[in-house]
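Here my numbering is used: the first residue of the sequence shown is 92, the next is one more, and so on.
Here the structure is laid out as structure tokens; the discussion comes afterwards.
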Amino acid sequence: MSKNHLTIIFRLLLLGGTAISLFFVPWILVKAWILPLPNTVQAQLDEAIGHGFNGMIVYVDQGGKPPEFYSAGFDNKKDKTPADPHSLFKIASIDKLYVAVAITKLAKSEQLSLNDPLSDYFPELVGRIENAENITLKLMVQHRSGIPNFTNNPAFWQDEEKNKTKSLDFALDLPASFAPDQGYEYSNTNYLLLGQVIEKVVGYSREQYIKEQILVPLGLNNTFFSLAEVNLKDVMSGYYVGIDKDFKDQEHGMLATAEDVGTFLRALNDGSVFAEGEQEIYSSIYVYEHGGLVPGYQSLAEYHKDIDTVVVQFINTTDFNGYEWNLSEITINRIVDILHN
């Protein structure tokens, strides 16, 4: 075994939180990492299904070439319906890219300032969100606000279906994670509030603004904001390890095909989603790729500049301990390695 393989195993031992007993080592992660690299993307998908994913979709857009669509495993495992690369998928936190672009456009048009404090838009939150007078919109976009993440509150998950209608409540009256601009913590609360800021500024829903400013100009006809907008049969099923149910009918925000996400990511990275002067603002506040995770659905959307390639990966299997997420990261990294080769 090579030194590199030993290093990988050691890192995975730490990842599994098991310096005490090898019994708890996530050996599937070790195996997925050290197996010989397949020659094709499709072979890598087939291999990943063998590691325990129910189904997956991959979209590849290499500059100058027609997009490629891949799928493996099942959409619906009960009915043995094959995964369809054109299915709608719950993209979860990838939606933060769309919100960040929207905030950028409003900043460039001077409908808001990135230096505006949270308290200007939500005076009622002064005293309920610590440092509300000193947290700027820019810090919220960057996850440098210190506002607690409502999904880190255990009480939120006691009845997620009910509690997500009042998500903000689970971040209120808590101590700040850190003083504004003195740390970093990924917080869904930041983007929950930013979406409401957009609505306060434009006078109508953030969904409509994003549709007008991003989806329509890019021709993204297969991107939606709610299950209510789509036919449920067009949505890929979602599964959680150890729970015998399909999470398809649970509302979790934006849905899109892999192609639509890939088209958006290409436009984000080549600048075509922006008007003049906007990309400079965006580059100063947020990232150019993202992942998403909700029960039953995990996604990664990446752009690799060195090979001018967009890769979008959807997997309809999640779990409690995070092994499935780690396995998804290993899988996409191997796909990118294949594309490099």
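Glycine residues also receive a C-beta, built at the ideal position from the N, C-alpha and C atoms.
Tell me where the beta strand (DSSP E) around L284 begins and ends. It is not in any beta strand (DSSP E) - L284 instead sits in the alpha helix (DSSP H) that spans 279-293.
Can you give me the C-alpha to C-alpha distance between K339 and G294, rounded to a whole angstrom? 32 Å
Take the Cβ of V149 as the centre, count every other Cβ of all protein chains shown within 10 Å, and call the residue buried at 16 or more, exposed below. buried
Report the rounded CA-to-CA distance for D166 versus S200, giving the unit in angstroms. 43 Å
Taking 8 Å as the limit between beta carbons, can you name the residues of its chain near T234, skipping five residues before and five after? In the sequence under discussion, the amino acid at residue 234 is His, which differs from the Thr named in the question. These residues qualify, in order along the chain: Y275, E276, Y277, S278, N281.
Whole angstroms is fine: what's the gap from I426's alpha carbon to A392's? 13 Å
Just list the residues that DSSP pairs A392 with in beta bridges. H381, V403
With the cut-off set at 7 Å, would you say A193 and I289 are in Cβ contact? yes
Output yes or no for whether 7 Å exceeds the beta carbon distance between F247 and F269. no
List the endpoints of the continuous beta strand (DSSP E) containing F458. With the chain covering only 92 through 432, there is no way to say anything about residue 458.
Beta-carbon gap between L359 and F315 smaller than 7 Å: no
Cα-Cα separation between F365 and V307, rounded to whole angstroms: 13 Å
On the premise that V332 lies in contact with D410, defined as a C-beta separation below 8 Å, what is that separation, rounded to the nearest angstrom? 4 Å
Alpha-carbon to alpha-carbon, L284 and S210: 11 Å
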